[in-house]
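>
Protein chains in written order, with the working numbering: chain A, 489 to 1038; chain B, 400 to 520.
Written out as structure tokens, the structure reads:
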């Protein structure tokens, strides 16, 4: 079970007191907003449309019951009774008062949580596969590598003022559940021909205004060299990344401007220099010490079973929301935060408390937040699934839609976000309400919606992506098809002119109807799109506009 | 009109007669650019004295039932999230909801009634 070490605890406490002093100085006028803004951003505090927003890191998405209870307490005491799970395994409070934020951070520190490096031009909180330690196809739990990277990157003096933010994801399976190729850098645990475990490193991925898939910079980095290699990547970026243009400042632009060969040459040159000093070699004893923080629970010797229940809804939920575990008798269960008609990713204080009770009552040590804005029980006993489902159902957390068309990734959009151009949540709600009755027939289909080009809703990676834009103060929505954040990663293709806010859900529904007509046995939407291309979908998406024009 | 966020809690505020109001309908409408720029210059002093953050002007239009922001962003700031009628300024009283662009609530998202179920978001 992951815990802070003493160094982390002291650092976080000191950081809270530093920020308390900074807030005092801001409130009494000693600091201007220009002086204070970089300080608050370094502590995860933004100013949004209606209020401040505090972004809290959930390292590798892992939460214990006392941490869930603390989030519930904070949401209830300092905010409006709920919070929002984001696409980067963070938890956001939408209404905190500036004067309360130091107290909130002090409360978080009591349960080993913080908001450090959830903003700013630094190495952001590292994310990991939400099935870590549980997936049947996993080579190794990716969280110990992620933790090693966090310890190296936290307050790293050389990388505190990068050209722009830098996001790293880590996965331990060939099946990509961490959107690896859409990250600035990504680490995938692999085995080489000799059976040794090491790291494949991708660089240059990203979404936003200019989406790119990251390319493989190294197919095998030895265990001891992970930090030295990443340090080399960051040095090349820090030295060569564009600081003159916000739009060209991410590593994706540098990596794709230089090209694979030159980027590799520069990184390997730095890597050789760092290796010579030996200061970043990861000692096997240290790697094992960190890995012990992520030791799996003591699994009981159980046999696989198919649990039954008198509740027909359980059967549907088990089929859609549970996944194969590496241990017999256990399952991974996805807790959907995508109640049809609800706000994707939002969770109330009462739900957070109920989930904490669930963990304690069923002997579950942890829950995970996924980048898909859901929660995951990584180690549920199969025999407990009917009772777990009943408890989830009582708290509106048993929506049976994991991976289906109503399991929509959606940013907060213009309802909350200062950067957004259009609302995204109402679009997600209308699409979900239109298609909920047919979602099991439709099968796997990932819709992702962003309210602006920054792409927090991952629209470039959606099988169907929706991007909200502003046209002279009016909300419009572009449709993209064919994206994927999985091992078959791809960037969606823009269909054509945008749709009005009352047209977009209908257009998505017509695209899906076309898919149902075109699909062959076993084809997902993405497979059909890749086989037939954009045209058949484009032909139906604009029908409403054509009829209106005539 | 002229708006900002209050420093202490981020609350959206509107400029009126040399001060700030939390209510959109209290806000002063400037018909002439010169007046608007003068008010913005005056508001900058409040920012310098750390009362508000980021004052700026935004466009409104006159409709039969009152003044309405041109951009949806300002409608949302004036009311609260369109998907949560129980939050933001719109939640403060039924009267306030009706007086501020009453159309939105009926068209887009009804204010939830009797939301005493804490498990439902």
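Cβ coordinates follow ideal geometry from the N, Cα and C atoms, glycine included. This structure is a prediction, so every number in the text was calculated from the model and none was measured.
Among A:778, A:983, A:1005, A:784, whose alpha-carbon lies nearest the alpha-carbon of residue 493 (chain A)?
Considering only alpha carbons, the answer is A:778.
> Pairing CB atoms from the region 572–587 of chain A with CB atoms from the region 520–539 of chain A, are three or more of them under 8 Å?
They touch, by the three-pair rule.
> On the CB-based measure, 16 or more other CB atoms within 10 Å of its CB, does residue 497 (chain B) come out buried or exposed?
Here residue 497 (chain B) scores only 49 on pLDDT, less than 50, and its place in the model should not be relied on; the value that follows carries that caveat. That one is exposed.
> In the DSSP output, which residue or residues are listed as bridge partners for residue 420 (chain B)?
According to DSSP, which records beta bridges pairwise, residue 420 (chain B) is partnered with B:413.
> What residues from the region 418–449 of chain B come within 8 Å of chain A, judged by C-beta to C-beta, listed N to C?
So the close ones are 446, 447, 448, 449.
> Taking the Cβ atom as the reference point for each residue, do residue 695 (chain A) and residue 948 (chain A) lie within a distance shorter than 7 Å?
Yes. Within cutoff.
> Locate the beta strand (DSSP E) running through residue 541 (chain A), then write down its first and last residues.
Here the beta strand (DSSP E) through residue 541 (chain A) covers 540–545.
> If residue 763 (chain A) and residue 716 (chain A) are in contact, beta carbons under 8 Å, what's the gap, nearest whole angstrom?
Correct: roughly 6 Å between the Cβ atoms.
> Short check: CB of residue 414 (chain B) to CB of residue 438 (chain B), under 7 Å?
Result yes, Cβ atoms of residue 414 (chain B) and residue 438 (chain B) sit closer than 7 Å.
> Select from the region 947–971 of chain A all residues with a C-beta closer than 7 Å to any C-beta belonging to chain B, and list them in chain order.
Within the region 947–971 of chain A, the residues whose Cβ lies closer than 7 Å to some Cβ of chain B are 961, 963, listed in chain order.
> Can you tell me which of the three DSSP states residue 504 (chain A) falls into?
Helix, per DSSP.
> Mind checking residue 404 (chain B): buried by the 16 CB within 10 Å criterion, or exposed?
By the 10 Å Cβ count, residue 404 (chain B) comes out buried.
> Would you give the residue range spanned by the beta strand (DSSP E) that residue 811 (chain A) belongs to?
Element bounds for residue 811 (chain A): 810–812.
> Looking only at DSSP bridge pairs, what is residue 571 (chain A) linked to?
Looking at the DSSP assignment, residue 571 (chain A) forms a beta bridge with A:835.
> Quick one: does residue 521 (chain A) have its CB under 7 Å from some CB of chain B?
It does: the Cβ of residue 521 (chain A) has a partner Cβ on chain B nearer than 7 Å.
> Kindly indicate which three-state DSSP category residue 850 (chain A) falls into: helix, strand or coil?
Of the three classes helix, strand and coil, the one that applies to residue 850 (chain A) here is coil, per DSSP.
> Do residue 923 (chain A) and residue 911 (chain A) have their CB atoms nearer than 7 Å?
No, these two residues do not count as a Cβ contact at 7 Å.
> Would you grab the beta carbon distance between residue 972 (chain A) and residue 990 (chain A) for me? Rounded to a whole angstrom, and I think it's under 8 Å.
Wrong, their Cβ atoms sit about 29 Å apart, outside the cutoff.
> Indicate whether at least one CB of chain B lies closer than 7 Å to the CB of residue 1030 (chain A).
No, residue 1030 (chain A) lies away from the interface with chain B (no Cβ there is under 7 Å from its Cβ).
> For the region 548–564 of chain A against the region 606–616 of chain A, are there 3 or more C-beta pairs whose distance is under 8 Å?
As far as the Cβ criterion goes, the region 548–564 of chain A touches the region 606–616 of chain A, which means the pair count is three or higher.
> When you compare only the Cα positions, how much space is there between residue 966 (chain A) and residue 793 (chain A)?
Distance between the alpha carbons of residue 966 (chain A) and residue 793 (chain A): 45 Å.
> Taking residue 808 (chain A) as the reference, which of A:700, A:843, A:819, A:1037 has the closest Cα?
Of the listed residues, the one whose Cα sits closest to residue 808 (chain A) is A:819.
> Going by beta carbon distance, what residues of the same chain come within less than 6 Å of residue 844 (chain A), once the five residues before and after it are set aside?
The answer, listed in chain order, is 553, 556, 557.
> Going by DSSP, what residue range makes up the alpha helix (DSSP H) through residue 997 (chain A)?
Note, residue 997 (chain A): alpha helix (DSSP H), 992–1006.
> Counting contacts by CB-CB distance shorter than 7 Å, is residue 886 (chain A) in contact with chain B?
Taking Cβ atoms only, chain B never reaches closer than 7 Å to residue 886 (chain A), which makes this a no.
> Given that residue 401 (chain B) touches chain A, what residues does it touch there, using C-beta distances under 7 Å?
Result: empty, since nearest Cβ-Cβ is about 16 Å, beyond 7 Å.
> List the residues of chain A that residue 406 (chain B) touches, going by C-beta distances under 9 Å, in chain order.
By Cβ distance, chain A contributes 514, 515, 521, 586.
> Could you pull the DSSP bridge partners for residue 377 (chain B) from this structure?
Because chain B is modelled from 400 through 520, residue 377 (chain B) falls outside the range shown and cannot be assessed.
> From the DSSP output, in three-state form, read off residue 511 (chain B) for me.
Caution applies to residue 511 (chain B), whose pLDDT of 41 falls short of 50 and renders its modelled position unreliable; the value that the coordinates give is listed next. In this structure, residue 511 (chain B) counts as coil in the three-state DSSP scheme.
> From A:671, A:970, A:676, A:811, pick the residue whose C-alpha is nearest to that of residue 865 (chain A); which is it?
It is A:811.
> Could you give the first and the last residue of the continuous beta strand (DSSP E) run that contains residue 728 (chain A)?
First-last for residue 728 (chain A): 714–728, but that is the alpha helix (DSSP H), not the beta strand (DSSP E).
> Can you tell me the Cα-Cα spacing of residue 937 (chain A) and residue 908 (chain A), whole angstroms?
The straight-line gap from Cα to Cα measures roughly 12 Å.
> Bridge partners of residue 938 (chain A), per DSSP?
A:955, per the DSSP bridge assignment.
> Does the Cβ of residue 650 (chain A) have 16 or more other Cβ atoms within 10 Å, making it buried, or fewer, making it exposed?
Counting Cβ neighbours within 10 Å, residue 650 (chain A) comes out buried, since at least 16 surround it.
> In chain B, which residues lie with their C-beta within 9 Å of the C-beta of residue 831 (chain A)?
Result: 480, 482, 483, 520.
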